[in-house]
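Numbering (our numbering), first residue to last: 29 to 305.
Working notes for the structure below.
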Ligand SMILES: Nc1ncnc2c1ncn2[C@@H]1O[C@H](COP(=O)(O)OP(=O)(O)O)[C@@H](O)[C@H]1O
Ligand SMILES: [Mg+2]
C-alpha cells in the first residue's frame, strides 16, 4: 500500500533538529579606544550532526562566536542555545579546540588527554582504557608518555584533538586548528578529522581562513561580514561523502563553491575596521 504524506508533514520531517542557535546576538567589547561592536543582530542555526565551516575577515568575530557558544563570554543582546537549552554559563556539552596550543607542558600526552575525564570524576581504571583508545585513534600510539615539548606541531594538534573528543561531547568547536601547519600535514589531519567525524557525526563548528579547507570538510560554509558582523552568505556544499581531501578540488561543484565564497570574502578585504585590541 502506498502511504501518502501531506506535504507539510514531509517538510517537518526533513528539518533536522537544531544543535546550535544564535538569534539576534549583539556583542560589544570595551577596548582602550572605546566600545567595539563585534556582532550585531547575528543569527545562525546549525543542525544536529552538521559540519559547519565559518570563514570571514580576521577580526570579524569568528573566535567570539565560538567563545559565546562555549559560554566563556556572554552576549549583550539576543539568545544562544545549544541542544535546545540556553547557554547561560560554561557549556559542558561542547568540546573546544582553541586557536592556541593549550596542552599542559608539565603533563605527558596521556595525562593531558585525561584532563576532561578527571574533571568529570571518571574512575582511574576506566580513564586509562578510554585515554589509550583515544590516543590510538588519533594516531599517537607509542607517544603516551611523551611531553608536549617532545612532539611536533602536528602531534600536538592530534593530542589536543584527542583531549577534545575524549568525553564524547555532542558539539565540537574548532578554531583554525590546522592554520599554522604545512600544507601536506594539513591534508593528513583533515583526512583524519573526516574519518573521526564520519564515525560519530557530531555537530561541528569549524573556523578557518582557508576556503579550500572549508569546502573540503563542511556540509555548509558561512561567510561573516566585517564588524559589526553577521552571516553574509551561506553556501551548502554539493559534494558527496565520503570525500577525499586530495580529490575534492576536482569535484564538478568545487569551482562554483570556491568562486562564490571567494567573491563574498574578496569584497571585504581591507574594509575591516582597524583592529583595536
Ligand atoms: N576580550 C576582548 N576584549 C576586547 N576586544 C576583544 C576581545 N576579544 C576580541 N576582541 C576584539 O574583537 C574583534 C573580534 O575578535 P575575534 O572574535 O578574535 O575575531 P576573529 O576570530 O574573526 O579574528 C577583534 O577586533 C578583537 O580585537
Ligand atoms: Mg580568531
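Glycine is no exception: its CB is placed at the ideal position from the N, C-alpha and C atoms.
Mapping the DSSP letters down to three states, classify residue i as helix, strand or coil.
| i | result |
| --- | --- |
| residue 178 | helix |
| residue 118 | coil |
| residue 218 | helix |
| residue 54 | strand |
| residue 291 | helix |
| residue 313 | This structure cannot settle anything about residue 313, because the visible part of the chain is limited to 29 through 305. |
| residue 124 | strand |
| residue 202 | strand |
| residue 104 | coil |
| residue 171 | coil |
| residue 242 | helix |
| residue 45 | coil |
| residue 36 | The predicted position of residue 36 is uncertain, since its pLDDT is 48 and thus under 50; a value taken from the coordinates is nonetheless stated next. In this structure, residue 36 counts as helix in the three-state DSSP scheme. |
| residue 63 | strand |
| residue 229 | coil |
| residue 259 | strand |
| residue 285 | helix |
| residue 279 | coil |
| residue 144 | helix |
So residue i and residue j are in contact, right, with Cβ under 8 Å, and what is the actual spacing, rounded?
| i | j | result |
| --- | --- | --- |
| residue 248 | residue 262 | 6 Å |
| residue 205 | residue 80 | Rounded, the Cβ-Cβ distance is 14 Å, inconsistent with contact. |
| residue 99 | residue 119 | 4 Å |
| residue 202 | residue 235 | 7 Å |
| residue 105 | residue 53 | 7 Å |
| residue 147 | residue 199 | That belief does not hold up - the Cβ atoms of residue 147 and residue 199 are roughly 18 Å apart, past 8 Å. |
| residue 131 | residue 194 | With 8 Å as the limit, residue 131 and residue 194 do not qualify as a contact, their Cβ atoms being about 13 Å apart. |
| residue 257 | residue 67 | 5 Å |
| residue 224 | residue 165 | 7 Å |
Could you say which of the options lies nearest to residue i if we only look at CA atoms?
| i | options | result |
| --- | --- | --- |
| residue 211 | 274, 165 and 149 | 274 |
| residue 116 | 243, 101, 216 and 154 | 101 |
| residue 90 | 72, 105 and 45 | 72 |
| residue 75 | 230, 254 and 114 | 230 |
| residue 214 | 197, 226 and 242 | 242 |
| residue 286 | 259, 239, 267 and 225 | 239 |
| residue 264 | 284, 51 and 132 | 284 |
| residue 255 | 93, 281 and 246 | 93 |
| residue 288 | 161, 133, 278 and 260 | 260 |
| residue 70 | 250, 298 and 157 | 250 |
| residue 135 | 157, 165 and 176 | 176 |
Pull the bridge partners of residue i from the DSSP assignment, please.
| i | result |
| --- | --- |
| residue 312 | Because residue 312 is not part of the residues shown, which for the chain are 29 to 305, the question remains open. |
| residue 248 | 80 and 264 |
| residue 113 | 110 |
| residue 72 | 50 |
| residue 137 | DSSP lists no partner for residue 137. |
At least 3 beta-carbon pairs within less than 8 Å: the region 183-193 vs the region 133-147: The region 183-193 makes contact with the region 133-147; the number of CB pairs closer than 8 Å reaches 3 or more.
Three CB pairs or more closer than 8 Å across the region 160-172 and the region 202-210: The region 160-172, when compared against the region 202-210, does not touch it at the 8 Å Cβ threshold.
contact_flag[the region 103-111, the region 77-92] where n(CB pairs < 8 Å) is 3 or more: Verdict: no, contact absent.
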